[in-house]
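**Student:** The structure is given below, and queries will be raised subsequently.
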Amino acid sequence: MKKEIQKILVTGAVGQIGSELTLALREKYGSDNVVATGRKTEPSPALRDSGPFYFIDVMSRESVEEVVKKHDIDTIVHMAALLSGVGEKNPELCWKVNMDGTMNVLNIARDYEMAQVLVPSSIAVFGKGVSLDNTPNDTVLKPTTMYGVTKVCGELLCDYYVDKFGLDVRGLRYPGIISAETLPGGGTTDYAVAIFYDAVKYGKYTCFVREDTMLPMMYMPDCIKATMDLMAAPFDSLKHHSDFTVDGISFTAKELADEIKKHLPHFECAYEPDFRQAIADSWPNTWDDTPAREEWGWKPAYDLASMTKDMLDILSKRHAAGKL
Ligand code: AKB
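The sequence shown begins at 1351 in this note's numbering and counts up by one.
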């Protein structure tokens, strides 16, 4: 009999996705049933006051296991990871955090016979030897960044635990995630968030990739929905496990700037590419997510226009209240 999800541990809960996902999981499963954890950064009042919170180190099995035992955890949502930009500055640490963290989580989940583990992957799994337009879900994975290497290894490791130990492990490949609550930290797609903050605060932004750089992105409400829909899908309906591409919206940096200009006509965007340009150039422009659509019914709700309007509405209100 398949176990039900009852008590969830979220690692990386203070990060960009973790902070909003934890609140959504608390809504669905109950506040005390979703234990948030982070490494060092203080949680927001919303996160800290809405349920249990602990500081842990995912590179230490004991540190994770202590919370698992204390709260009788049966599901781990493993969001803690070092992203692509930071990973290129410190590849060894990226390997340790991403791989030791994932291995610890999988071993604990196996040993405690947990109901489910979710380990996200990324657009960063792609790289050399593949078409960057409409990149297939199942294709050559030859990333050029350490972050991408850890994400490919992570997907393979997760699938190994499904096959070898019968553990229910799932994962989706996130595109760049755009959100108005918690800033992303250290990714290549961070420009697509920073541009909104600077547009509202200063009326201008200097983008660290070229204007013709196109990448798949997704608005946070779609990201939360994709993650929770995959968690809720019947295990038997899944043919893939840890490597679902989930598409949202693909656009160039200039198309994004032009969309913002429709709302803020004086907005100016300059382009000064840095080391992250090479990373962006190695990732798909558009990608195919047929398995996610067919196996668990994935469908995004937001397009470039609706996402931009929503982001600007939220940030403009916060700016007017002096809170940006
Ligand atoms: C990054 O840019 O590193 C992340 C990602 C696409 O996984 N946002």
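C-beta: ideal position from N, C-alpha, C; glycine also.
Remember, it's a predicted structure, so these values are computed and weren't measured experimentally.
Could you compute how far the alpha carbon of proline 1393 sits from the alpha carbon of valine 1364?
**Tutor:** Distance between the alpha carbons of proline 1393 and valine 1364 is about 6 Å.
**Student:** Report the start-end ranges of each beta strand (DSSP E) in the stretch 1484-1524 that is 3 residues or longer and not cut off at the edges.
**Tutor:** Runs found: 1522-1524.
**Student:** Cβ of isoleucine 1545 within 7 Å of any heavy atom in the ligand AKB?
**Tutor:** Result no, Cβ not under 7 Å from the ligand AKB.
**Student:** What did DSSP end up calling glycine 1553 once you bin it into helix, strand or coil?
**Tutor:** Glycine 1553 falls in the coil class under three-state DSSP.
**Student:** Kindly indicate which three-state DSSP category phenylalanine 1546 falls into: helix, strand or coil?
**Tutor:** Of the three classes helix, strand and coil, the one that applies to phenylalanine 1546 here is helix, per DSSP.
**Student:** Going by beta-carbon coordinates alone, are glycine 1437 and tyrosine 1497 separated by less than 8 Å?
**Tutor:** The answer is yes: Cβ separation under 8 Å.
**Student:** Kindly list the residues whose CB is nearer than 7 Å to the CB of valine 1418, restricted to its own chain and excluding five residues on each side of it in sequence; keep chain order.
**Tutor:** So the list reads Leu1359, Ile1458, Tyr1462, once near-sequence residues are dropped.
**Student:** Among all the DSSP beta bridges, which residues are the ones paired with serine 1529?
**Tutor:** Bridge partners of serine 1529: none, in fact.
**Student:** Is DSSP giving glycine 1677 helix, strand or coil here?
**Tutor:** One cannot answer for residue 1677 here, as it falls past the ends of the chain, which runs 1351 to 1674.
**Student:** The ligand AKB and threonine 1539: does the residue's C-beta get closer than 7 Å to at least one heavy atom of that ligand?
**Tutor:** Under cutoff, so the answer is yes.
**Student:** Tell me the DSSP bridge mates of phenylalanine 1403?
**Tutor:** Looking at the DSSP assignment, phenylalanine 1403 forms a beta bridge with Ala1386.
**Student:** Give me, in chain order, the residues of the same chain whose beta-carbon lies closer than 6 Å to that of isoleucine 1545; leave out the 5 immediate sequence neighbours on both sides.
**Tutor:** Only Tyr1555 meet the Cβ criterion.
**Student:** So, for threonine 1495: in the same chain, excluding its five sequence neighbours on each side, which residues have a beta-carbon less than 7 Å away from its beta-carbon?
**Tutor:** For threonine 1495, where only same-chain residues beyond five positions count, the Cβ hits under 7 Å are Ser1434, Gly1437, Glu1438, Ala1474, Ile1629.
**Student:** Using alpha carbons as the reference points, say which of Ile1426, Ala1386, Asp1483 lies closest to glutamate 1354.
**Tutor:** Comparing Cα-Cα distances from glutamate 1354 to each of Ile1426, Ala1386, Asp1483, the minimum goes to Ile1426.
**Student:** So, are the CB atoms of valine 1385 and isoleucine 1423 less than 8 Å apart?
**Tutor:** Going by C-beta atoms, valine 1385 is nearer than 8 Å to isoleucine 1423.
**Student:** Indicate whether serine 1369 and glutamate 1531 have their beta-carbon atoms separated by less than 8 Å.
**Tutor:** Yes, the pair counts as a contact, with Cβ atoms nearer than the cut-off.
**Student:** Whole beta strand (DSSP E) runs in the stretch 1560-1643 with 3 or more residues, listed along the chain?
**Tutor:** DSSP runs (the beta strand (DSSP E)) wholly in the stretch 1560-1643: 1564-1569, 1599-1602, 1618-1621.
**Student:** Is the stretch 1635-1642 close to the stretch 1479-1487, with three or more CB pairs under 8 Å?
**Tutor:** At 8 Å Cβ cutoff, the stretches touch.
**Student:** Out of Leu1614, Ile1528, Val1512, Lys1673, which has the shortest C-alpha to C-alpha gap to glycine 1553?
**Tutor:** It is Leu1614 whose Cα lies nearest to the Cα of glycine 1553.
**Student:** Note down the Cα distance separating aspartate 1597 from glycine 1521, rounded to an integer number of angstroms.
**Tutor:** Each residue's Cα considered, the two are about 14 Å apart.
**Student:** Exposed or buried, what is alanine 1582 when buried is set at 16 or more other beta-carbons lying within 10 Å of its beta-carbon?
**Tutor:** By the 10 Å Cβ count, alanine 1582 comes out exposed.
**Student:** Over the uninterrupted beta strand (DSSP E) stretch that includes isoleucine 1358, give me the two end residues.
**Tutor:** Run containing isoleucine 1358: 1358-1361, per the beta strand (DSSP E) assignment.
**Student:** Flag this pair as yes or no: are the beta carbons of proline 1571 and tyrosine 1524 separated by less than 8 Å?
**Tutor:** No, the Cβ-Cβ distance between proline 1571 and tyrosine 1524 is not below 8 Å.
**Student:** Say the cut is 7 Å; is the CB of leucine 1433 nearer than that to a heavy atom of the ligand AKB?
**Tutor:** Result yes, Cβ under 7 Å from the ligand AKB.
**Student:** Whose CA, out of Phe1585, Thr1538, Ser1381, Pro1493, lies closest to the CA of valine 1467?
**Tutor:** Here the closest residue by C-alpha is Phe1585.
**Student:** Sorry if obvious, but does the Cβ on serine 1529 come closer than 7 Å to a heavy atom of the ligand AKB?
**Tutor:** Outside the cutoff, so no.
**Student:** Could you tell me the alpha carbon to alpha carbon distance between arginine 1398 and alanine 1651, rounded to whole angstroms?
**Tutor:** Their backbone Cα atoms lie some 30 Å apart in a straight line.
**Student:** What number of angstroms, rounded off, separates the C-alpha of threonine 1640 from the C-alpha of aspartate 1631?
**Tutor:** Between threonine 1640 and aspartate 1631, the C-alpha separation is close to 23 Å.
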